[in-house]
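Trainee: All the letters of the sequence shown, read from the start, carry residue numbers -33 to -1, 1 to 364 under mature numbering (1 follows the signal peptide of the UniProt record, and there is no 0).
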Amino acid sequence: MAFARIDGFSGSAALARLIAAGAFFLGANAALADGCGRPIQPGRHEFKVQSTDAERTGVIFVPSSYAGTEKVPVVFDFHGSHSNPVGQLKRSSWDQVAEKEGFIVVALQGSLAGAFDGTHAWNVPLVTTQEGGLDEVAFIGAAVKAVEQAACVDRSRIYASGYSGGGRMLSQYICSGRSDFAAAGFVHSLRAGAPVNVDGQWKPDRATCAPSRPMSIIAFAGEKDDANPYAGGGKPYWQYGFLTALQRWGQMDGCTGDAVTHTVGDVTQRLYDTCKAGARIAAYVYANGTHAWPKTAAAEGMMASASSSSSPSGVVQVASAVKAPAFDPSVDPAPRMWEFFFEADKRNVVAEAAPAIVTTGTTVASDCAVNGDLQETNCSSQPSNMRRSAQGVRGAL
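1. Tell me the residue span of the beta strand (DSSP E) that contains R83.
2. Excluding the 5 residues preceding and the 5 following D20 in the sequence, name in chain order all residues of the same chain whose CB lies nearer than 6 Å to its CB.
3. Please name the residue, chosen from Q17, V42, Y204, S59, that lies closest to L157 on a Cα-to-Cα basis.
4. What do you reckon, are the CB atoms on Y239 and C222 nearer than 7 Å?
5. Please list, in chain order, all residues of the same chain as P52 whose beta carbon is under 7 Å from its beta carbon, the five residues on each side excluded.
6. My assumption, with CB atoms under 8 Å, is that S31 sits in contact with P9. Please give the rounded CB distance.
7. Should the segment 126 to 133 be called in touch with the segment 141 to 151, which here means at least 3 C-beta pairs below 8 Å?
8. Could you give the DSSP three-state label for G221: helix, strand or coil?
9. Have a look at D233 and C119 and give me their C-alpha separation to the nearest angstrom.
10. So which of A65, V39, G134, V111 has the shortest CA-CA distance to S48?
11. Hey, out of Q139, V94, G208, whose CA is closest to Q168's CA?
12. Would you mind sorting E306 into buried or exposed? The rule is 16 or more other CB atoms within 10 Å of its CB.
13. For the beta strand (DSSP E) containing K15, list its first residue and its last residue.
14. Please work out which residues of its chain come closer than 7 Å, Cβ to Cβ, to V111, disregarding the five sequence neighbours upstream and downstream, and give them in chain order.
15. Check the Cβ-Cβ distances between V53 and every residue of chain C, and say whether any is below 7 Å.
16. What number of angstroms, rounded off, separates the C-alpha of N195 from the C-alpha of Q97?
17. Would you kindly report the start and end of the unbroken alpha helix (DSSP H) that includes K170?
18. Using 7 Å as the threshold, is the C-beta distance between W89 and G54 below it?
19. Sort out for me which residues DSSP pairs D44 with in a bridge.
20. Would you tell me roughly how many angstroms separate the C-alpha atoms of D193 and K262, rounded to the nearest one?
21. Whose C-beta lies closer than 6 Å to the C-beta of residue 428 among residues of the same chain, with five residues either side of it excluded?
22. If we count the other Cβ atoms within 10 Å of its Cβ and call it buried at 16 or more, is T211 buried or exposed?
23. Between the beta-carbon of T228 and the beta-carbon of R215, is there less than 7 Å?
24. Based on Cα-Cα distance, which residue from E115, A105, S50 lies nearest to T86?
25. Excluding sequence positions up to five away, which residues of its chain have a Cβ less than 7 Å from the Cβ of A177?
26. Going by beta carbon distance, what residues of the same chain come within less than 6 Å of S179, once the five residues before and after it are set aside?
27. P92 to A65, Cα distance in whole Å?
28. Taking the straight line between their C-alpha atoms, what separation do you get for G189 and K67?
29. Which of helix, strand or coil does DSSP assign to I184?
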């Protein structure tokens, strides 16, 4: 059983005190195995999980609407290299979406040291395994089980999102055959197995990616990404491009026919919605996109993201004076992923989702150190070239 402690408490004797105090306790006893029936203090909590090889850490966000009486979804958010859980939440805004929509967010911490104090990277199997790195697959699995035991969770609605190195880690976790996640999202990071050169062409090694079942995925990529290049190449762990990865996922999901494609401005959206077991694949490609996480910008008469205003169904609300087009490519990845997850069984959800204006942000090398109350990240790093900054983790972006 996965075991965790919070705020210095540990052991079963502390369970009653943790529950009474409203602190989040991972690793409940058998009597409370499903985590339902007790409230949990809302907000961010640091936690520690005992994995197979070490005690591991992360951050969990509980929305203010959580009462412990109804099962709620969970989204796991995987940080990129030279980052940390709090920095990733600041980048992705998954906690803001969760507060609006009433689900739990879990941000885990990779085992490799990043290039900057307080930052980390993932020990991705097969591609960036490094000395001193721990078993990330075992850790993720243990964390999922611990959350299932500690919170009132809908186990059929556990999702995951990864950015950069975190998305590569998520890709390989799914490729390893783990079935914890109902759907997954990737920002500048989609992989379909380790790269292998076949007759002079780089392709995904089919032997290194065997998902347990067809899975709905949504992915975002920038054609000007110089860290994980859209067309392929780059560092040894990357090599094959985004469309090659997407095509392989289409094969693994048993998709038939061509993708439905829309291009508006500099953004192209592809949707494969005829895949096995109801799986669907959606992708956004930004012609001018870099490695930065796309961010929304204010627009008159329009809500930029679900963190501003949204309906219970997770669809962004737009002022009545604005008529939403049938397809709008301007998206904030986290709310769009949530819409995709929430409506995974409905057709054309990506095309129907409401618009948000996006700007390409400045890439920063690090999200820096975590402060004591876990509410924000204190940063002193400057914008930098990601090729240069990546060298601190020996190519683990």
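For each residue, glycine too, the CB sits at the ideal point set by N, CA and C.
Mentor: The answer reads as follows:
1. Stepping through the sequence shown from its first residue, residue 83 is reached at position 116. The amino acid occupying residue 83 in the given sequence is Phe; Arg does not appear at that position. Taken as a continuous stretch (DSSP letters only), F83 belongs to no beta strand (DSSP E), as it is neither H nor E.
2. If you number the sequence shown from 1, residue 20 lands on position 53. Excluding sequence neighbours, D20 sits near L101, D102.
3. Position 190 of the sequence shown, counted from the start, is the residue given in the question as residue 157. Comparing Cα positions, the closest option is Y204.
4. The count along the sequence shown starts at 1 and reaches residue 239 at position 272. The count along the sequence shown starts at 1 and reaches residue 222 at position 255. The answer is yes: Cβ separation under 7 Å.
5. Taking the first residue of the sequence shown as 1, we reach residue 52 at position 85. G25, V26, H46, A74, L75, Q76.
6. As a position in the sequence shown, residue 31 is number 64, starting the count at 1. As a position in the sequence shown, residue 9 is number 42, starting the count at 1. Between P9 and S31 the Cβ distance is about 4 Å, and since that is below 8 Å, they are a contact.
7. yes
8. Taking the sequence shown and counting its residues from 1, the one referred to as residue 221 is at position 254. If DSSP states are grouped into helix, strand and coil, G221 belongs with coil.
9. For the purposes of this step, residue 233 is taken as the residue at position 266 of the sequence shown. For the purposes of this step, residue 119 is taken as the residue at position 152 of the sequence shown. Rounded to whole angstroms, D233 to C119 spans 42 Å at the Cα level.
10. Locating residue 48 in the sequence shown gives position 81, where the first residue counts as 1. Taking only the C-alpha atoms, the option nearest S48 is G134.
11. Counting from one through the sequence shown, the residue named residue 168 turns up at place 201. The candidate whose alpha carbon is nearest that of Q168 is G208.
12. Working through the sequence shown from its first residue, we reach residue 306 at position 339. Per the 10 Å Cβ criterion, buried.
13. Position 48 of the sequence shown, counted from the start, is the residue given in the question as residue 15. That run of the beta strand (DSSP E) goes 10 to 17.
14. Residue mapping note: residue 111 aligns to position 144 of the sequence shown, counting from 1. Within the same chain, V111 has close Cβ partners I125, D147.
15. No chain C is part of this structure, which consists of one protein chain only.
16. What you label residue 195 is simply residue 228 of the sequence shown in a count that begins at 1. What you label residue 97 is simply residue 130 of the sequence shown in a count that begins at 1. Approximately 19 Å between the Cα atoms of the pair.
17. Against the sequence shown, residue 170 aligns to sequence position 203. Here K170 belongs to no alpha helix (DSSP H); instead the beta strand (DSSP E) covers 168 to 171.
18. Sequence index remark: in the sequence shown, residue 89 carries index 122 (1-based). Sequence index remark: in the sequence shown, residue 54 carries index 87 (1-based). No, they are not a contact pair.
19. Within the sequence shown, numbered from 1, the residue matching residue 44 stands at position 77. DSSP output for D44 lists A74, S128 as bridge partner(s).
20. Translated into the one-based positions of the sequence shown, residue 193 becomes position 226. Translated into the one-based positions of the sequence shown, residue 262 becomes position 295. So the alpha carbons of these two residues sit roughly 18 Å apart.
21. The first residue shown for the chain is -33 and the last is 364, placing residue 428 beyond what the model contains.
22. Mapped onto the sequence shown, residue 211 falls at position 244. So T211 ends up on the buried side.
23. Translated into the one-based positions of the sequence shown, residue 228 becomes position 261. Translated into the one-based positions of the sequence shown, residue 215 becomes position 248. No, Cβ-Cβ distance for T228 and R215 is not below 7 Å.
24. Here the question's residue 86 lines up with position 119 in the sequence shown. Cα-wise, what sits closest to T86 is S50.
25. Taking the first residue of the sequence shown as position 1, residue 177 is located at position 210. Correct list, in chain order: C142, G144.
26. For the purposes of this step, residue 179 is identified with residue 212 of the sequence shown, where counting begins at 1. Excluding sequence neighbours, S179 sits near G144, S146.
27. By one-based count along the sequence shown, residue 92 stands at place 125. By one-based count along the sequence shown, residue 65 stands at place 98. One C-alpha to the other measures close to 30 Å.
28. Within the sequence shown, the letter at position 222 stands for residue 189. Within the sequence shown, the letter at position 100 stands for residue 67. In a straight line, the C-alpha of G189 is about 28 Å away from that of K67.
29. If you number the sequence shown from 1, residue 184 lands on position 217. The answer is strand: DSSP assigns I184 an E or B state.
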